[in-house]
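Let me begin by presenting the structure, written as structure tokens, before commenting on it.
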Amino acid sequence: MNIAFLFDADHDDFDGSYGIPIMKLILQSGIADSERNMRISIGDILTAQFVSNSQENSISYLKFVCEKTYSPINFDRLYIDKIRFDRTVFCWLFQNMDMILAEKIHSNLSICSGAYLGAMDVDFSNEFHLQFFRNSLIESYRIKGNKFSIFYSMNEVEEYKDSYVERLLKENGFIVSYEDLGARRTIFDKYNDIKHFQRIFMFKDYLISLPNLSCDLVDELIHSLEELHPKLFDIFAAMTKALQSADTKEEVAQAALSGRRFLEYFANYIFPPQKERFKGRKVGNSEYKNRLWAYVDKTLNELDGFEKEKLEFFGSRIDSLVNVFCSGLHSEISKEDLEDEFVNLVILISDIIALKPANMVKPYLAYEDEIYDMLREVLE
Numbered sequence: 000m001n002i003a004f005l006f007d008a009d010h011d012d013f014d015g016s017y018g019i020p021i022m023k024l025i026l027q028s029g030i031a032d033s034e035r036n037m038r039i040s041i042g043d044i045l046t047a048q049f050v051s052n053s054q055e056n057s058i059s060y061l062k063f064v065c066e067k068t069y070s071p072i073n074f075d076r077l078y079i080d081k082i083r084f085d086r087t088v089f090c091w092l093f094q095n096m097d098m099i100l101a102e103k104i105h106s107n108l109s110i111c112s113g114a115y116l117g118a119m120d121v122d123f124s125n126e127f128h129l130q131f132f133r134n135s136l137i138e139s140y141r142i143k144g145n146k147f148s149i150f151y152s153m154n155e156v157e158e159y160k161d162s163y164v165e166r167l168l169k170e171n172g173f174i175v176s177y178e179d180l181g182a183r184r185t186i187f188d189k190y191n192d193i194k195h196f197q198r199i200f201m202f203k204d205y206l207i208s209l210p211n212l213s214c215d216l217v218d219e220l221i222h223s224l225e226e227l228h229p230k231l232f233d234i235f236a237a238m239t240k241a242l243q244s245a246d247t248k249e250e251v252a253q254a255a256l257s258g259r260r261f262l263e264y265f266a267n268y269i270f271p272p273q274k275e276r277f278k279g280r281k282v283g284n285s286e287y288k289n290r291l292w293a294y295v296d297k298t299l300n301e302l303d304g305f306e307k308e309k310l311e312f313f314g315s316r317i318d319s320l321v322n323v324f325c326s327g328l329h330s331e332i333s334k335e336d337l338e339d340e341f342v343n344l345v346i347l348i349s350d351i352i353a354l355k356p357a358n359m360v361k362p363y364l365a366y367e368d369e370i371y372d373m374l375r376e377v378l379e
């Protein structure tokens with residue numbers, strides 16, 4: 000889930016300066032008590048600014064916007080009576096937080112601060128949530144257990160270094176590093192509109208309806224695939240849509256081909272084609288199955304205690320899925336059986352990602368075409 004923790008920035012506790020005091024409250028609330036990989040965005044919820052720049056600049060419209068903005072879906076821990084439309088609300092938004100940790104942090108913050116306004120889940124397929132909790136906040140940090148990364152963008156690390164924040168993090172027991180956010184959230188990012196997040200919502204909604212796929216597992220998968228390449232959701236969404244609406248054998252077969260297409264793209268992003276063989280196997284453009292094997296082999300060897308049996312286990316699952324998806328046009332697979340294979344695909348991809356999650360963070364990959372286009376325009 001995406002969880003927003005909200006604070007009254009105008010509260011007397013802060014005496015006009017609220018950024019660091021709120022950060023201290025967050026750091027002491029138990030956010031390190033999870034090994035989930037979470038990105039953090041912070042900032043003011045700019046409802047008043049949004050309304051003042053709109054054609055309908057009125058108190059009634061501001062109240063309407065606030066009501067739509069502070070509208071949880073499944074996790075409602077807001078102290079709604081404390082949220083006033085005429086005061087500044089400051090937010091710490093965590094992407095990919097599970098409900099257990101959210102409950103713990105909420106309980107701790109409720110005890111520690113009178114400025115705390117509560118917590119809510121955020122859905123970026125909601126136009127108000129997208130506007131105020133994603134596109135208007137600054138994606139600033141990553142946390143995984145006691146490891147805390149400070150984001151910088153486009154190689155400008157010196158501009159983002161903050162010795163006070165770094166010291167504050169270390170004083171609270173965090174291991175601090177700096178991480179390039181790449182071209183995410185820049186003019187090159189074309190994956191920030193509501194249609195993209197509606198595709199993700201449709202994908203998630205369908206997956207959690209299938210057996211053996213928990214909401215937490217799906218959230219973790221979405222978080223990782225978005226960091227690898229958001230285009231993967233377009234392919235997954237196409238497969239989901241095709242499978243949901245499939246009524247004939249031909250339509251089921253087309254859904255199976257979407258599964259193959261996903262594996263091809265996934266292989267391209269985690270182990271790009273190369274001319275040289277990998278341990279005797281061809282790993283060119285058409286050998287996407289071999290490249291999936293190669294990625295697992297290479298990654299397992301980077302970890303301690305390589306086990307051949309583990310590689311064979313991953314490899315047999317890869318082979319099985321490739322065979323099912325490739326034979327879709329030539330064999331009679333039922334919609335129910337294909338849904339089972341879709342579950343197997345999701346679990347396999349999740350397991351491959353879990354081998355070394357850091358390998359999935361490719362902050363420039365999705366934006367290369369836009370960057371090259373701009374460079375060509377400048378050079379011309």
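Position 246 (the sequence shown) corresponds to 245 in numbering that gives the first Met the number 0; numbering is contiguous. A virtual CB, placed ideally from N, CA and C, is assigned to each residue, including glycine. In this text the structure is predicted, and so the values were computed from the model without any measurement.
Which of helix, strand or coil DSSP assigns to GLU138: strand
Reduced DSSP secondary structure (H/G/I, E/B, other) of PHE200: For PHE200, the secondary structure class from DSSP, reduced to helix, strand or coil, is helix.
Where the beta strand (DSSP E) containing ALA3 begins and where it ends: 1 to 7
Supposed close pair ILE234, TYR264 - CB separation, criterion 8 Å: 6 Å
Within 9 Å, strictly: CB atoms of PHE150 and GLU170: no
Cβ-based neighbour list, LEU216, same chain, cut-off 7 Å, excluding 5 preceding and 5 following: SER349
Terminal residues of the beta strand (DSSP E) in which ILE99 lies: Counting along the chain, ILE99 falls outside any beta strand (DSSP E), though it belongs to the alpha helix (DSSP H) covering 98 to 111.
Pairwise C-alpha distance: LEU168 and ASN145: Approximately 10 Å, taken between the alpha carbons.
Bridge partner(s) assigned by DSSP for TYR115: PHE6
Distance, ASP161 Cα to THR298 Cα: Between THR298 and ASP161, the C-alpha separation is close to 34 Å.
C-beta atoms of LYS288 and ILE317 nearer than 9 Å: yes
Delimiting residues of the alpha helix (DSSP H) encompassing VAL360: From DSSP, VAL360 is part of no alpha helix (DSSP H); its letter is neither H nor E.
N- and C-terminal bounds of the alpha helix (DSSP H) containing LYS309: 307 to 325
Which residues DSSP lists as bridging SER176, in chain order: SER148
DSSP-derived helix/strand/coil call for LYS143: Strand at LYS143.
Bridge-paired residues (DSSP) for ARG76: ALA118
Bounding residues of the beta strand (DSSP E) (the contiguous stretch that carries SER40): 37 to 43
Range of the contiguous beta strand (DSSP E) that encloses PHE132: Looking at the DSSP string, PHE132 is not in any beta strand (DSSP E), and its letter there is neither H nor E.
Meets three-Cβ-pair contact criterion under 8 Å: the segment 100 to 115 and the segment 135 to 144: Contact between the segment 100 to 115 and the segment 135 to 144 is absent: fewer than three C-beta pairs spanning the two stretches fall below 8 Å.
First through last residue of the beta strand (DSSP E) which encompasses PHE93: Note, PHE93: beta strand (DSSP E), 88 to 94.
Own chain partners of ARG133 with C-beta closer than 6 Å, once the 5 adjacent residues on each side are dropped: PHE123
Nearest residue (CA-CA) to PHE324, options GLY314, VAL251, SER285: VAL251
4 or more residues per run - each alpha helix (DSSP H) lying fully within the segment 186 to 250: 193 to 206, 214 to 227, 230 to 244
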